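Take the sequence shown: its letters are residues 42 to 280, numbered as in our numbering. We put the CB at the ideal spot given by N, CA and C, even for glycine. Since the structure is predicted, the reported quantities are computational estimates derived from the model, not experimental observations. Below is one structure, written out as structure tokens; the observations come after it.
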Amino acid sequence: MSMITVRDLEKIYKVGDNVVRALRGVTLDIAAGEFVTVVGPSGSGKSTFMHILGCLDRPTRGQYVLAGKDVSQLEPDDLARVRNETIGFVFQGFNLLPRTSALENVELPLLYTRKGTLKASERADRARRALEAVGLADRMDHHPNQLSGGQQQRVAIARALVNEPSLLLADEPTGNLDTATSEEVMEVFSRLRAERGITIVVITHERDIAEWGTRTIDFRDGVVVSDRLNHEPQKAAGL
């Protein structure tokens, strides 16, 4: 089953009198349950690609089908609904509220869910399970300044999981972390994919991080220049 299908995807920006073709006819499929890393230098189009996958932007031309639904030209309110119900986001910056516990940070998306109003006890229970899934059962009451960088990113991953998305998108999730901590975070992604079957797409400019995926797609100048399976993904060394 395909989670993501894009066909002839183009994105064109106008910057003053200049026209920037960020994506130039990208066509690919990502199956449900894949762990895909997207790699490329600055200006390659990978971040624009992620913004479209995350329904944060719309393509200029082409088709994007997410979980069987064509979302290419949905209106902003409809895109917001898709994001809320289907997608979890992890960013380079942890974006945690500093005066709020890990548990409360993870609960936050549940206050805005469209799946129905949840009682406070239900929100707390789901947040606890998400933190347990990323190995932070013993840090739920800690504030961000009491956590390491890797632990803060794992809180951010738990927050992305709490609405039970079928697609997890991570934009440079190890960009603020050292090598050892980066490996810990990538191990979390690998375990989530193996245990939960979540489709994971990680955007990175680091080749060693890209090797953690079961498949790596290379972008350059707005096009896919390489799409390969990693027969011995890096995760095997850590799990």
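Asked                                                                                                                   : Found
Would you mind reading off the limits of the beta strand (DSSP E) that contains L209?                                   : L208 to D212
Looking at C-alpha atoms only, which residue of L151, S267, T255 and H246 is the closest neighbour of S83?              : H246
Whole angstroms is fine: what's the gap from P100's alpha carbon to V123's?                                             : 16 Å
The alpha helix (DSSP H) that contains L120, what's its start and end?                                                  : P117 to T127
Would you kindly work out how many angstroms separate the C-alpha atoms of L188 and L149, rounded to a whole number?    : 18 Å
With DSSP collapsed to three states, give me the class of G66.                                                          : strand
Less than 8 Å between the beta carbons of V229 and I250, yes or no?                                                     : no
Please list the terminal residues of the continuous alpha helix (DSSP H) segment that includes K52.                     : Premise fails: K52 lies in the beta strand (DSSP E), S43 to V56, not in any alpha helix (DSSP H).
From the DSSP output, which residues share a beta bridge with Y153?                                                     : Looking at the DSSP assignment, Y153 forms no beta bridge with any residue, so it has no partner.
Our contact map puts L144 next to A168 with C-beta atoms below 8 Å; I'd like the distance itself, whole angstroms only. : 5 Å
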